[in-house]
Structure formats: structure tokens, C-alpha cells
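Each protein sequence line maps, in turn, to chains X and F.
The opening position of the first sequence corresponds to residue 1 in the UniProt record's numbering, with each subsequent residue numbered one higher.
The opening position of the second sequence corresponds to residue 1 in the UniProt record's numbering, with each subsequent residue numbered one higher.
Reading through the C-alpha cells given below for one structure.
2 protein chains.
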Amino acid sequence: MSRAGFENRHDAVLEAIGREITHGDLAPGDTLTLEHIQNRFGVSRTVARETMRILESMGLVTSRRRVGITVQDAAAWNVFDPRVIWWRLDGNGRDTQLRSLTELRVAVEPLAASAAARNASAEQRTRVVELGARMRGLGERGLLADFLDADVAFHTLLLEASGNEMFAALADVVAAVLRGRTQLGLMPRQPVPEALDAHENVARAVAAGQDRRAEDAMRALLGEVREAMVPPDTGQLSLD
Amino acid sequence: MSRAGFENRHDAVLEAIGREITHGDLAPGDTLTLEHIQNRFGVSRTVARETMRILESMGLVTSRRRVGITVQDAAAWNVFDPRVIWWRLDGNGRDTQLRSLTELRVAVEPLAASAAARNASAEQRTRVVELGARMRGLGERGLLADFLDADVAFHTLLLEASGNEMFAALADVVAAVLRGRTQLGLMPRQPVPEALDAHENVARAVAAGQDRRAEDAMRALLGEVREAMVPPDTGQLSLD
DNA sequence: CCCGATTTAATGGTGTTACCTTTCGATTCA
DNA sequence: TGAATCGAAAGGTAACACCATTAAATCGGG
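Right, dumping it as C-alpha cells:
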């Protein structure tokens, strides 16, 4: 019955302050006190303290005696912490976060595809081909919502099949980027044929265990993102 | 005066339990209770609770009423959390962690070099060339300790100069891999000339702002890690 | 009278204890 | 088999002593 995701008091406070810091509403050097937080959110000192400890462990604040809780500079943040990523993705940090994540995708996904070609299970190999075909079908029929789901599943599968748990840990984030990009209208209304081909190329290479080809195909799929990332003016960038 | 790093009670408990989980001494599904922790470490309930909150925020445990604190499966861990990485790097997880990180380096560093060629400041450009030259001097004279320091500085600089804060956040980890690898005797006693050339190639490309060349040079520098990662038998892999 | 050094006092996190509430697995009983 | 009950353990509140830190106040020497 509680508001989505805010199971306990901590989450509410954490969410609020985490957002404020990552969105820049609280600037580095600003200080809070536990009492401040208690009053503002109507929570006990215990809750305030435990929340601060979590924020501290994410690198968003430091806590010192007599001085209070100090907001840290962005350089100290655990920028790979999923919550930090989410917060930055829907606040002021969105722009740099999207750029960073896209660049990270360009770095990681080709290697993940390569690793998947070596390490994927039999089921994963058949599934990746299925998903490639499914994307073609949905894409050609213009069923964008379903197409997006398949796209997310495709990239998630490869990251997980890579056998590298650090790659796999990026799956949720990549999904968020794909979805967020569509929401923002950065995608063409109908997937371009090249994108469909590219996905099927990757799928075939992975299924066949050809790691080098899978890597190259994924790199082709991600396209010339270097140029695409600078000007978001043309509606034709299809860098999934 | 306190023992390195264990400033407060939390850190001691966190360190101990975090290690036990990431090292596999505590298996997924195992449960603890706060009382258990209080007794074992002689700390108050508050400290036990706050420590658990941090572990929970790292995905290492979940806490449920009536059931206690349950150790999570590795799939739920925040594998990018620096502390999780450190712990895995000096325990049972070392092997998979080193492989994962090396694969991550191969993915990220070429793109970081490319980005650095585009975004580095004037000072950073001159410094990267200096470091390349310094590595040659030290390498040829066989001053391994200093060479390693310069090597770490070189890779750190590029990651930071990339302008991508997620790349920059990996600097400490890359440094740990470089140092750890040397400690483990995985490096040749004298840097091979190819490695020295490779570093200077990267440095020159970055300094000249040639992103494509910097990317390729870094990829060459990292070498054919795919093969090198499988058998650690030959002492000749120089994949920095 | 001014400035640096030393003492003092206020502040706010650290750590502890005690207590009540809520949840939910397990036991019991129909 | 299923429903009512019990109780273990976390969730949450409150009040405390403690102590590191900082800033103000005081003091002393030039």
C-alpha cells in the first residue's frame, strides 16, 4: 500500500537527498546535520544516521564530528552505483550521464559480444538468434514498443552471456539507456533496415561462436557514435 | 594511531563480514542476526545495524524481519563497488575478479585513450608524453619499481583525461590490477621493447589529438589478451 | 594597542542502551 | 489441508554519555 519503492523510511530519505545531491540542488561543500534531516522528514535520529551512512558509502557525503554531513564533489561519487546512475538519469545530470553511459556501451558491448560468442550456453545461442529474428519482424511491422522490449532483451542477453559479471551488471543500465533514448524521441520512428541487419549479424556470429566477427558486428551496430553523440539534431541516429 | 583504515567500529565489522561474503566463507542463503554480530564483534546494536545497512546497499545481504540478514548470491552484488572489488582481489574471488577486470580494461582503455585524444588539457597532453618517455628510460634501465609507478600514472592519466567520469572512476582499479599483476610475478623481469614503443605510440597520438590512432595504439598495447588470459603459463604476457 | 597563543565553550557526530512495534515463518490445532 | 496463534528478529523511537572539532574568548608579550 506504500508509495512505490518507498518501503521503509530510509528509502524515502535516501531517495530525496540522493536526488538532491546528484541533481545539484545540494552543492559540494554544503552541509547538513542529522537534526536537520530528522526535522525535515520527521524521522528518528536512527533513521537519519543509517541513511547518512548509506549516502556516505556511495561517496555522496562525508560525515565529520562537529562539522556535520558534507556533500562531496562529484569526483568522489560511486558513479557505478545503480542508484547514482538512476538519479543522474532523471535529473540535471541526465545529459552527461547519458553521454558517459553511451561511451561505456561502445566500449563494453563489443567485448561482451565477443565473450558471449565464446562462453554462451546452447540456450543462449538459440535465444539470441530468435531475438534477432523477432526484432526484424517487429521492426518491419513498426511495432515499436515490442521492438524496444526485444532490443532490451537482446542486449541484456549478450551482456549476461559474456560470462563477465561486471559486464552483466551493466545490463539494467543499458536497458535504461535504450528505453530512455526512445522516450526522449532520439530514435527514428521506424527502425532502419541497417539496424535490423546489424542485430542479426551479431546474433549469427555469437551463435556460431565466432568471437571476432561478433565483436566487429557489435561495433558496427553501435555505429559511428562518436559523431552521433555530439549533435543530437538528426533524428536518424540508431546507435543501439 | 588506529590501525590503518579501521577508524571506527563500523569499518572493522564491515571489512570482516564483507570479506567473508566476497571470499565465499559465507555462502548465499546463510543468515546472520544482529545479535550474532553484536556478540561476535562486541559492538552495539546500532553499529551492527548501520553496518548491515551498508552491506545491504552493496547488495551483499538482504535484511528481512523474522528471518534475519541473508547473504545474497553474487549476481546481486554491486560488483563495481570499489570495496567489493578490493575484497575479491585479495581472496578467493581473486581469479575471476582479475579476469573480469582485465576484460574490462581491454574494453574501456582504448575508448578512454580515444576520448583523451579529444578532450585532454594541454598539461595532460604534455604529461602523457613525458610519462611515455620516462617509462622508456626506466624500463631500459630495469628500474622496475619506478617503471611500475610511471605505468600506473600513465594509465590513470588517460582514464582521467577521457572526460568520462565513469572511465575515471576505474583508475584506482586499473592501478590495482597493474600492481597486483607485478606482485604475482606475471610480468617479465624487464619490460619488452614492444611495450615501451606501444606506450609512446599512445602518448604521441593522444598528444596530437588523433583519437582513432590513440584508440588503435592502446588496443595494440593491451595486446592479444584473449589468448594471454586463458593460460598464465608463459612469463611473457605484457598486457599493460 | 595589536597580534599571536592558549584556554574555553558550543556544536554535532559516535556509540550505547532500553523499549516498543511490525512482520512473517513456524507451530499448532481444527 | 488450511487457519489461528506464537514468537523470533528486524524496524523504529528515544534518551543518554562521550568526544573530536572548531570557533570564540581570553590572555600575555611586544
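All C-beta atoms, glycine included, are put in the ideal place defined by N, C-alpha and C.
The model shown is predicted, which means the values in this text are computed figures rather than measured ones.
Test item: CB-CB of residue i and residue j under 9 Å
i	j	result
ALA203/F	PHE154/F	yes
GLY68/X	LEU26/X	no
ASP197/X	LEU178/X	no
VAL13/F	VAL61/F	no
ARG49/F	GLU50/X	yes
VAL128/F	ALA115/F	no
ALA74/F	PHE41/F	no
LEU222/F	HIS199/F	no
LEU148/F	ARG189/F	no
VAL108/F	ALA107/X	yes
ALA208/X	ALA117/X	yes
Beta-bridge pairing of residue i - partner residues as DSSP gives them
i	result
GLY68/F	ARG64/F
THR31/F	THR70/F
Neighbouring residues, chain X, relative to residue i (Cβ below 8 Å)
i	result
residue 308/F	Past the edges of chain F, shown from 1 to 240, lies residue 308/F, and the structure says nothing about it.
VAL71/F	The contacting residues do not exist; VAL71/F stays about 16 Å from chain X at best.
ASN164/F	ARG99, SER100, GLU103 and LEU104
ALA115/F	GLU103
Where residue i meets chain F, residues with beta-carbon distance less than 7 Å
i	result
ALA169/X	VAL79 and PHE80
GLU123/X	Going along chain F, no residue has its Cβ under 7 Å from GLU123/X, so there is no contact; the nearest lies around 17 Å.
LEU111/X	GLU103, VAL106 and ALA107
When the options are compared against residue i, the one with the closest alpha-carbon
i	options	result
THR102/F	GLN183/F, ASP25/F, VAL174/F and VAL192/F	VAL174/F
GLN72/X	HIS36/X, GLU20/X and ALA169/X	GLU20/X
ARG83/X	GLU165/X, VAL192/X, THR22/X and ALA145/X	THR22/X
ALA169/X	ASN119/F, ALA12/F, PRO110/F and VAL79/F	VAL79/F
residue 241/F	ASP90/F, ASN92/F, ALA107/F and GLU56/F	Within the shown structure, residues of chain F are numbered from 1 to 240, placing residue 241/F beyond reach of any answer.
ASN92/X	ALA171/X, GLY18/X, GLN210/X and GLY223/X	GLY18/X
PRO211/F	ALA16/F, HIS10/F, ALA171/F and LEU158/F	Contrary to the premise, residue 211/F reads as Asp rather than Pro in this sequence. Taking only the C-alpha atoms, the option nearest ASP211/F is LEU158/F.
GLU140/X	MET218/X, PRO193/X and ARG9/X	PRO193/X
PRO146/F	ILE37/F, PRO191/F, GLU215/F and GLY209/F	The sequence shown places Asp at residue 146/F, not Pro. Considering only alpha carbons, the answer is PRO191/F.
ALA217/F	ASP95/F, VAL106/F, PRO110/F and ARG94/F	PRO110/F
residue 241/F	ARG181/F, ALA208/F, GLU215/F and ARG219/F	Since the displayed chain F opens at 1 and closes at 240, residue 241/F lies outside it and no answer follows.
GLY59/X	ASP81/X, ASN39/X, GLN38/X and GLU7/X	ASP81/X
GLU7/X	ILE85/F, ARG65/F and GLN183/F	ARG65/F
GLY142/F	ASN164/F, MET187/F and ASN201/F	MET187/F
ASN201/X	ASN164/X, GLU130/X, LEU184/X and LEU138/X	GLU130/X
Distance between beta carbons of residue j and residue i, contact taken as under 8 Å
i	j	result
VAL206/F	ARG125/F	7 Å
ALA112/F	SER162/F	4 Å
LEU104/X	ALA176/X	With 8 Å as the limit, LEU104/X and ALA176/X do not qualify as a contact, their Cβ atoms being about 12 Å apart.
HIS53/X	ILE54/F	Looking at the sequence shown, residue 53/X is not His but Arg. That pair is a contact at about 6 Å.
THR70/F	GLY29/F	7 Å
Contacts that residue i makes with chain F (C-beta to C-beta distance below 8 Å)
i	result
VAL108/X	LEU104, ALA107 and VAL108
ALA74/X	GLU165
ARG53/X	HIS10, GLU50, ARG53 and ILE54
SER63/X	Ordered by position in chain F, no residue passes the 8 Å Cβ test against SER63/X, which lies about 10 Å from the chain.
Closer than 8 Å: residue i CB and nearest the ligand GTP heavy atom
i	result
ASP149/X	With respect to small molecules bound, the structure shown includes none, and the ligand GTP cannot be examined in it.
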